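Last residue of the sequence shown: 273 in the UniProt record's numbering, with the numbers rising by one and none dropped. Note that the Cβ used here is the ideal one computed from N, Cα and C, for glycine as well. All figures in this text were calculated on a predicted structure; none of them were measured in a lab.
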Amino acid sequence: MAKQIAVIVALILVIVVGIRLVTKVNYWRQFLTSASPVAVASPVPLPNQTQSAYTLSLEKLTKITFGQETFRFGFQKIDDPAELELFPNFEAKKAAKNLMTDNNCRFLINSGFYSPENKPLGWFFSQGELLNLPENNRLLNGFMSSNEAAGVVITDLPPQGMVKWGFQSGPLLVVAGQKLPLAIRDDEYKRRAVAALTQTGELIFFVITTEESLNAGPPLADLPSVIDIIGQSLNEHLVSAINLDGGSASAFLSQEIQIDEVSLIGSYLCWQQ
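And the structure:
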């Protein structure tokens, strides 16, 4: 009798374990089939941008291919970098289009990253005021600055001596003409903003999106290769390049291309008229 009871108990345990196992398998099967490894934004207009303006800006971007994927890019060359200024927007919290009008910018792009407390991440010097000191950050491993002697430079160390303006950002994408390999944890398809210098010392800003959406762009790990392909397509040899804040907190406003931010841009570069 005891033996029969033991057999019955064993069968009940097997059934219970089996039910739990099937439940877990079904859960993970549903999870894996319903969740994408990366979240790609849908091609919908930004809140402060009409559908026609959104479509027009997307169509003005140039297509490039990287591997099996197609991206789009726009660019702005800065003929006179001396007219480029860095401004904070941490406290004012104004829309990029209003900032462009207020400061008489012919071109505006967001600059570095900022914290949830609306403070710059890393070194930030603007309008004669030091807002934050350099930080040791493996991701924000670059510095972009302007001084009278060298003009605009992109370096891996904070500049020495007097500067007109400067900020910390990253990661660095190209150094001494060589693209840098990146290993990014939890990478995402986000719109990218990039600053680069050519072999002749020309400064170029880029915005990079996916083929169908202004709201997405290449994974950060692919950005060095993507920006290298873009440089080749323009017959430009890029000797240095740095990633700026991207995704929803990025804006690229030129005379031809109008890509608005979704959330606040903490700071920005303004090419004044």
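Across which residues does DSSP place residue i in a beta bridge pair?
i	result
R192	I208
T70	T65
W271	L84, F107
L197	L203, S240
N132	F124
V175	Q178
Q232	Answer is none; Q232 lacks a bridge partner.
M144	I154, F167
Q76	F205
L253	L108, Q258
Y54	Answer is none; Y54 lacks a bridge partner.
Within 10 Å of its beta-carbon, does residue i have 16 or more other beta-carbons around it, so buried, or fewer, so exposed?
i	result
A216	buried
M100	buried
D80	exposed
E261	buried
G166	buried
P224	buried
L21	Because L21 carries a pLDDT of 37, less than 50, the predicted location of this residue cannot be relied on, and the following value inherits that uncertainty. Exposed is the call here.
May I have the straight-line CA-CA distance separating residue i from residue j, to the nearest angstrom?
i	j	result
N235	I154	20 Å
I204	A196	5 Å
A41	E117	Legend: pLDDT at A41 = 33, less than 50; position of this residue unreliable, value from coordinates given subsequently. Those two C-alpha atoms are separated by around 25 Å.
S240	G170	12 Å
I184	D222	10 Å
L264	A150	31 Å
Y54	T65	22 Å
N26	E212	Bear in mind that the predicted position of N26 carries a pLDDT of just 38, short of 50, making it unreliable; the figure below should be weighed with that in mind. So the alpha carbons of these two residues sit roughly 34 Å apart.
K60	G246	19 Å
G266	Q68	34 Å
L58	R191	12 Å
G177	G201	12 Å
T210	Y114	24 Å
V175	L238	9 Å
G112	L244	5 Å
Q272	N104	6 Å
N110	I229	23 Å
S34	D102	Caution applies to S34, whose pLDDT of 32 falls short of 50 and renders its modelled position unreliable; the value that the coordinates give is listed next. Their backbone Cα atoms lie some 46 Å apart in a straight line.
Considering only the alpha carbon of each residue, which of the options lies closest to residue i?
i	options	result
P218	E59, D156, T55, R72	R72
G74	L214, G67, R106, F87	L214
S233	L56, T62, S57	T62
G161	Q168, N243, N147	N147
V207	F113, P88, L108, K94	L108
V163	E129, A92, Y114	E129
R106	L84, P120, I230, V194	L84
D187	P158, Q168, L220	L220
Would you say residue i touches the ligand GDP, meaning its beta carbon is less than 7 Å from a heavy atom?
i	result
G161	The ligand GDP is absent from the structure shown, which contains no ligands of any kind.
* Asked: Taking one C-beta from the stretch 92 to 109 and one from the stretch 135 to 145 each time, how about it: are there three or more such pairs within less than 8 Å?
  -> no
* For the 8 Å Cβ check, are there 3 or more pairs between the stretch 121 to 135 and the stretch 248 to 260? -> no
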